[in-house]
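Q: Chains A and B, in that order, give the protein sequences. This note's numbering applies: residue 513 is where the first sequence begins, and numbers increase by one. This note's numbering applies: residue 192 is where the second sequence begins, and numbers increase by one.
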Amino acid sequence: MRAGAAWTRLMVAVVVVPMLVTLVVATSVSFSTGPFSGGVTFDWMSLGLELLAPTLLRSFLVGVGVAAANLLIGGLLAWWVARTAAWPARLVGYLANLPLAVPGIAISVALIGTYAQLRPSGLLLVAGHVVFTLPFTLAALVPVLAADGLVECDQVARSLGASPLRRLVTVTLPWCRVAVLQAAATAYALSYGEFNISFFVNAPAAPTAPFALFEAYATRRIELASAMSIWFIVSLLPVLGALAALRGRLAERSS
Amino acid sequence: MTPRPRATGAAVSTPRWAWLAAVPGAAFLLAFAVYPIGVLVQNSLGLGRTGLHEQPGSTSAYYRAVLSSETVRSSALTSIGVCVTAVLITVVLAVPLVLHAAARSAAGHDTARLDALFTLPVALPGTIIGFFAIVLIGNTGLLGLWFAPLRGVSYTVPGLVAAYVYFSLPRVVGPLRGAAEALDPAVPEAARSLGAGRVRVLATITLPLLTPAVVAATGTALAIALGGYGTIAVLSQGVRLLPLEVVDQLSAAGFNVATASATGVVLAVLACAFLLLGRALSALLTRRIAR
Numbered sequence: 513m514r515a516g517a518a519w520t521r522l523m524v525a526v527v528v529v530p531m532l533v534t535l536v537v538a539t540s541v542s543f544s545t546g547p548f549s550g551g552v553t554f555d556w557m558s559l560g561l562e563l564l565a566p567t568l569l570r571s572f573l574v575g576v577g578v579a580a581a582n583l584l585i586g587g588l589l590a591w592w593v594a595r596t597a598a599w600p601a602r603l604v605g606y607l608a609n610l611p612l613a614v615p616g617i618a619i620s621v622a623l624i625g626t627y628a629q630l631r632p633s634g635l636l637l638v639a640g641h642v643v644f645t646l647p648f649t650l651a652a653l654v655p656v657l658a659a660d661g662l663v664e665c666d667q668v669a670r671s672l673g674a675s676p677l678r679r680l681v682t683v684t685l686p687w688c689r690v691a692v693l694q695a696a697a698t699a700y701a702l703s704y705g706e707f708n709i710s711f712f713v714n715a716p717a718a719p720t721a722p723f724a725l726f727e728a729y730a731t732r733r734i735e736l737a738s739a740m741s742i743w744f745i746v747s748l749l750p751v752l753g754a755l756a757a758l759r760g761r762l763a764e765r766s767s
Numbered sequence: 192m193t194p195r196p197r198a199t200g201a202a203v204s205t206p207r208w209a210w211l212a213a214v215p216g217a218a219f220l221l222a223f224a225v226y227p228i229g230v231l232v233q234n235s236l237g238l239g240r241t242g243l244h245e246q247p248g249s250t251s252a253y254y255r256a257v258l259s260s261e262t263v264r265s266s267a268l269t270s271i272g273v274c275v276t277a278v279l280i281t282v283v284l285a286v287p288l289v290l291h292a293a294a295r296s297a298a299g300h301d302t303a304r305l306d307a308l309f310t311l312p313v314a315l316p317g318t319i320i321g322f323f324a325i326v327l328i329g330n331t332g333l334l335g336l337w338f339a340p341l342r343g344v345s346y347t348v349p350g351l352v353a354a355y356v357y358f359s360l361p362r363v364v365g366p367l368r369g370a371a372e373a374l375d376p377a378v379p380e381a382a383r384s385l386g387a388g389r390v391r392v393l394a395t396i397t398l399p400l401l402t403p404a405v406v407a408a409t410g411t412a413l414a415i416a417l418g419g420y421g422t423i424a425v426l427s428q429g430v431r432l433l434p435l436e437v438v439d440q441l442s443a444a445g446f447n448v449a450t451a452s453a454t455g456v457v458l459a460v461l462a463c464a465f466l467l468l469g470r471a472l473s474a475l476l477t478r479r480i481a482r
């Protein structure tokens, strides 16, 4: 147990130290002469935020759109897959998992080779992100929607004469509220940091945050690039916090 | 395709119009996943769009060119070497971690914050992980400032392995965390009460029970690492990995749609092979254990 605790602490360090070092670089006046050798500054941080802010907003909007699309088409699809014992449901399940097996960069080449005309508007980017996140939405929603308890409640409500719409609003949605929120937060977080599928399909005139970072890594000073990275990580924290809280709620309910 | 659900078992309360709910999702998947991948294969065979220097017409020439290209072959081998090494190291790092976390949560401790920390890097683009390597072991990296031999390692094979370990850690910890949590604590407890030592219980009970999940997670993590472009895109100063070849055919080397498509298909086949191999081996092991 004690060795396990020490190992866990070591692994926490492995995850956290690169971020801390990035923060040190971002607050050093000139890192190449050594950390903090010229003193501490927040100039890089404020310049980094200025440069990254418009793309963070864009990534936020794309993420919200992707999450909404996931809930709408993914939610309906998950409901059908959960309630259908026939082979088409299994087939659709396999198809939805295709993007897990095919690398993002290959899907990116496939999408740009098929729908190049959708690229400038950003529609192809959103569609690509939905393709990438849909398997996670199905994985979060199908087991919850297939739960015996829900099926039973639904049958009882039906036998008492509740309409399908009423059952959806008063039985199904409340039952899977936590899973729905979890699916939305996961889709948002994955879309927010997506780089592979985005590579050929992002709208060139309107880069998302990961692309602004990629460009900064190639062209900007290491201090400024670090500051931008820190802002990106900070901007991810709210949704990751929400995900952690939701996971706690799920665990509570199942125990 | 008109899916017509049969009313069996849990599907008793499913209305006749239920298949309508699947229409938007199925149509979307057909249009943006299945059809584009079909077009990708078509292009790679010279049957669809081609680049300026590529002749249209049915041919396997692009595949032959890709598979016989010295550059692609060495990139593929380096990719497999880097990713296999990185994922194996990740598994060794992750297993004690998930066992400890499972023991803590079984003892009633709250592990939510720990779990959140280890899932955070999933949402980071691969590019940031490449940048972490630059900040730590790049040409002016912090560790390199303190210990000169580590300077510039980020652009070499060991540096790439380190970056891909960071990339793979949350992708291995995630599934293994659930698998470790699901292990029945009664079995190791019984063995302990019969006098088996901690090490023996770990080696003969806990680890074998965890192995199917480890194998499946290894396959998935390998597939994701092989296809991951962001990390190598930032660290591409010398060592070449397979995703770079796909991208270069569409950008640096011109707009060679057919060659890029063929390279993309090769990459996809490799990733799929690792994923399916992991799943198949895992299923086999599970059946062995059940017997």
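Even for Gly, the Cβ is constructed at its ideal location relative to N, Cα and C.
Which one of B:Tyr226, B:Leu374, B:Pro340, B:Gly332 has the shortest CA to CA distance from Thr626 of chain A?
A: Position 114 of the first sequence, counted from the first residue, corresponds to residue 626 of chain A. The shortest C-alpha separation from Thr626 of chain A is found at B:Tyr226.
Q: Can a CB atom of chain B be found closer than 8 Å to the CB of Pro611 of chain A?
A: Locating residue 611 of chain A in the first sequence gives position 99, where the first residue counts as 1. Taking CB atoms only, Pro611 of chain A has a neighbour in chain B less than 8 Å away.
Q: What are the start and end residues of the alpha helix (DSSP H) that includes Gln428 of chain B?
A: The count along the second sequence starts at 1 and reaches residue 428 of chain B at position 237. Per DSSP, Gln428 of chain B belongs to no alpha helix (DSSP H) and is neither H nor E.
Q: How is Tyr540 of chain A classed by DSSP in three states: helix, strand or coil?
A: If you number the first sequence from 1, residue 540 of chain A lands on position 28. Tyr is not the amino acid found at residue 540 of chain A; the sequence shown has Ser there. Ser540 of chain A sits in a strand when the DSSP states are folded into three classes.
Q: Are the C-beta atoms of Asp306 of chain B and some chain A residue less than 8 Å apart?
A: Your numbering for residue 306 of chain B matches position 115 in the second sequence. Yes, Asp306 of chain B lies at the interface with chain A (some Cβ there is under 8 Å from its Cβ).
Q: Measure from the alpha carbon of Leu749 of chain A to the alpha carbon of each residue in A:Thr520, A:Ser738, A:Ala697, then state which is nearest.
A: Taking the first residue of the first sequence as position 1, residue 749 of chain A is located at position 237. Answer by Cα proximity: A:Ala697.
Q: Classify His300 of chain B as buried or exposed, calling it buried when 16 or more other Cβ atoms lie within 10 Å of its own Cβ.
A: By 1-based counting over the second sequence, the position of residue 300 of chain B is 109. Result: exposed.
Q: Would you mind sorting Pro632 of chain A into buried or exposed? The rule is 16 or more other CB atoms within 10 Å of its CB.
A: Here residue 632 of chain A corresponds to residue number 120 of the first sequence, with the count starting at 1. Exposed: under 16 other Cβ atoms inside 10 Å.
Q: Could you check the C-alpha separation between Ala377 of chain B and Ala297 of chain B for me, to the nearest Å?
A: On the second sequence, residue 377 of chain B is found 186 positions in, with the first residue counted as 1. On the second sequence, residue 297 of chain B is found 106 positions in, with the first residue counted as 1. Whole-angstrom Cα-Cα distance: 12 Å.
Q: Within its chain, find whatever has a CB closer than 6 Å to the CB of Gly640 of chain A; leave out the 5 residues flanking it on each side and keep chain order.
A: Translated into positions along the first sequence, residue 640 of chain A becomes position 128. Once the five neighbours on either side are set aside, the close Cβ partners of Gly640 of chain A are Leu623, Ile709, Val713.
Q: List the whole-angstrom C-beta distance separating Ala416 of chain B from Phe358 of chain B, where the pair is believed to meet the contact cut-off of C-beta under 8 Å.
A: Start at 1 with the first residue of the second sequence, and residue 416 of chain B comes out as number 225. Start at 1 with the first residue of the second sequence, and residue 358 of chain B comes out as number 167. Their Cβ separation, rounded to whole angstroms, is 6 Å, which keeps Ala416 of chain B and Phe358 of chain B in contact under 8 Å.
Q: Checking the sheet assignment: what are the DSSP bridge partners for Val552 of chain A?
A: What you label residue 552 of chain A is simply residue 40 of the first sequence in a count that begins at 1. Answer is A:Ser540.
Q: Thr199 of chain B to Thr645 of chain A, Cα distance in whole Å?
A: As a working mapping, residue 199 of chain B is identified with position 8 in the second sequence. As a working mapping, residue 645 of chain A is identified with position 133 in the first sequence. With a pLDDT of 42 at Thr199 of chain B, under the threshold of 50, the modelled position of this residue cannot be trusted; read the value that follows with caution. Roughly 30 Å separates the two Cα atoms.
Q: Cα separation between Leu475 of chain B and Leu238 of chain B?
A: Stepping through the second sequence from its first residue, residue 475 of chain B is reached at position 284. Stepping through the second sequence from its first residue, residue 238 of chain B is reached at position 47. So the two alpha carbons sit approximately 40 Å from each other.
Q: Please confirm whether His300 of chain B has its beta-carbon closer than 8 Å to some beta-carbon of chain A.
A: Here residue 300 of chain B corresponds to residue number 109 of the second sequence, with the count starting at 1. Taking Cβ atoms only, chain A never reaches closer than 8 Å to His300 of chain B, which makes this a no.
Q: Using DSSP with H/G/I as helix, E/B as strand and the rest coil, what is Arg678 of chain A?
A: Within the first sequence, the letter at position 166 stands for residue 678 of chain A. Arg678 of chain A: helix per DSSP, three-state reduction.
Q: Which residue marks the beginning of the alpha helix (DSSP H) containing Thr318 of chain B, and which one marks its end?
A: Here residue 318 of chain B is taken as the residue at index 127 of the second sequence, counted from 1. Segment 317-328, the alpha helix (DSSP H) holding Thr318 of chain B.
Q: Arg602 of chain A CB to nearest chain B CB: under 8 Å?
A: For this step, residue 602 of chain A is matched to residue 90 along the first sequence. Output row for Arg602 of chain A: interface = no.
Q: Strictly below 7 Å CB to CB, what residues from chain B border Trp591 of chain A?
A: Numbered from its first residue, the first sequence carries residue 591 of chain A at position 79. In chain order: Ala212.
Q: Is there a Cβ from chain A that is less than 8 Å from the Cβ of Ser452 of chain B?
A: As a first step, residue 452 of chain B must be located in the second sequence, where it is residue number 261. So, interface residue.
Q: Using a Cβ cut-off of 8 Å (strictly closer), state whether Thr567 of chain A contacts chain B.
A: Taking the first sequence and counting its residues from 1, the one referred to as residue 567 of chain A is at position 55. With 8 Å as the cut-off, Thr567 of chain A does not count as an interface residue toward chain B.
Q: Pair every Cβ in the region 643-659 of chain A with every Cβ in the region 581-595 of chain A, then say whether three or more of these pairs are closer than 8 Å.
A: yes
Q: So Tyr309 of chain B and Val257 of chain B are in contact, right, with Cβ under 8 Å, and what is the actual spacing, rounded?
A: Start at 1 with the first residue of the second sequence, and residue 309 of chain B comes out as number 118. Start at 1 with the first residue of the second sequence, and residue 257 of chain B comes out as number 66. A small correction: the amino acid at residue 309 of chain B is Phe; Tyr does not occupy that position in the sequence shown. That belief does not hold up - the Cβ atoms of Phe309 of chain B and Val257 of chain B are roughly 37 Å apart, past 8 Å.
Q: Report the residues of the region 540-555 of chain A with a CB closer than 7 Å to any CB of chain B, ordered along the chain.
A: Phe543, Ser544, Gly546, Pro547
Q: Any idea what DSSP makes of Cys274 of chain B, helix, strand or coil?
A: Counting from one through the second sequence, the residue named residue 274 of chain B turns up at place 83. Helix at Cys274 of chain B.
Q: Could you have a look at Pro615 of chain A and say whether DSSP puts it in helix, strand or coil?
A: Within the first sequence, residue 615 of chain A is the residue found at index 103, counting from 1. Pro615 of chain A: coil per DSSP, three-state reduction.
Q: Considering only C-alpha positions, which residue in the set A:Leu522, A:Thr534, A:Val576, A:Arg514 is nearest to Phe548 of chain A?
A: As a working mapping, residue 548 of chain A is identified with position 36 in the first sequence. Nearest of A:Leu522, A:Thr534, A:Val576, A:Arg514 to Phe548 of chain A, Cα basis: A:Thr534.
Q: Ile325 of chain B and Gly335 of chain B look like a contact to me (Cβ under 8 Å); what is the Cβ gap, rounded to whole Å?
A: Translated into the one-based positions of the second sequence, residue 325 of chain B becomes position 134. Translated into the one-based positions of the second sequence, residue 335 of chain B becomes position 144. The pair is not a contact, with the Cβ atoms about 10 Å apart (cut-off 8 Å).
Q: Throw me the rounded Cβ distance for the Val541 of chain A and Thr553 of chain A pair, which I believe falls under 8 Å.
A: The residue labelled residue 541 of chain A in the question sits at position 29 within the first sequence. The residue labelled residue 553 of chain A in the question sits at position 41 within the first sequence. Correct: roughly 5 Å between the Cβ atoms.
Q: Starting from the beta carbon of Phe712 of chain A, find every residue of chain B whose beta carbon is closer than 7 Å, and list them in chain order.
A: As a position in the first sequence, residue 712 of chain A is number 200, starting the count at 1. Near Phe712 of chain A (Cβ distances below 7 Å), the residues of chain B are Leu441.
Q: When the Cβ atoms of the region 397-409 of chain B are set against those of the region 430-450 of chain B, are three or more pairs found closer than 8 Å?
A: no
Q: Are the C-beta atoms of Gly705 of chain A and some chain B residue less than 8 Å apart?
A: Position 193 of the first sequence, counted from the start, is the residue given in the question as residue 705 of chain A. Closer than 8 Å to some Cβ of chain B, the Cβ of Gly705 of chain A qualifies, so yes.
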